[in-house]
Every structure is written in C-alpha cells, then in structure tokens.
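Working notes, beginning with the structure itself.
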Amino acid sequence: MAQMMNCIKFKPKAGSHDALYKAIAIYLRDYPLPETVRLSAHDIGDGEHALIGFWGDLEDLADVLSNRIDNRFSDVIKPFVTPYPSGDEFQSFSGPGIDYNAFLESDD
0 MAQMMNCIKF KPKAGSHDAL YKAIAIYLRD YPLPETVRLS AHDIGDGEHA
50 LIGFWGDLED LADVLSNRID NRFSDVIKPF VTPYPSGDEF QSFSGPGIDY
100 NAFLESDD
C-alpha cells in the first residue's frame, strides 16, 4: 500500500503560538498517533503554519480519523487560529505517496 500524506494549514492568532503548540503537545500526549506516523509542524511564512503527517498507509489515516470523531484534532486547535477570508479555520489536502523510482527503466 502507498504511504499517505496529509497537511492542515492554519493561521495562529497573534500571541497564541505557545498556547497553540502546548495544546497540540497535550493532545498528542493524551492521544498518541500510531508509530507508523511522522508528524511535523512548520512555520510556512505569511503568518501561516502547517502540520504535515506521513502515514504508513491509507488504513492508518482512516483508522485515526474514524476513531477520533468525538475528539478531533482540529477542534482542539480551533480556538487558537484566525479564520481565512473564506471563513474556514483550516485549509487541508492529502494524497498518496508516489514511488518515483517506479518510473525508471530497468537495466535488465
């Protein structure tokens, strides 16, 4: 199965960075992700931040999403973000990894 990536972008409210990342740390401590997941946070400029997760496969991602309906990560950080002009608090995207080596011709 293909590795999956998902990204959630958001704009932290001014002065909320410490509280935001503390809330994230507490959530991840109390609700740890599977060992197959790598999660990282990034300041991507223009006041935006992104959390990027790399999942072992689609099943890992779907399992976490379906089992945390009542305790969603986005609900935990929503109080610390400024909505985009569209009114949405977050922008997100996801997709499968691409094995670029599969595009190399075999020397056999």
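According to my numbering, the sequence shown holds residues 0 to 107 in order.
Built from N, CA and C at the ideal position, the CB exists for glycine as well.
Since we're looking at a predicted model, the values are computed, not measured.
C6 and Q90 have their alpha carbons spaced roughly 8 Å apart. In chain order, F79 place their CB closer than 7 Å to the CB of A18, counting only its own chain and leaving out the 5 sequence neighbours on each side. At a Cβ-Cβ threshold of 7 Å, T81 and K21 do not count as neighbours. One thing to note: K10 has its Cβ no nearer than 7 Å to the Cβ of E58. For A101, there are no CB contacts under 6 Å within the same chain when 5 residues up- and downstream are skipped.
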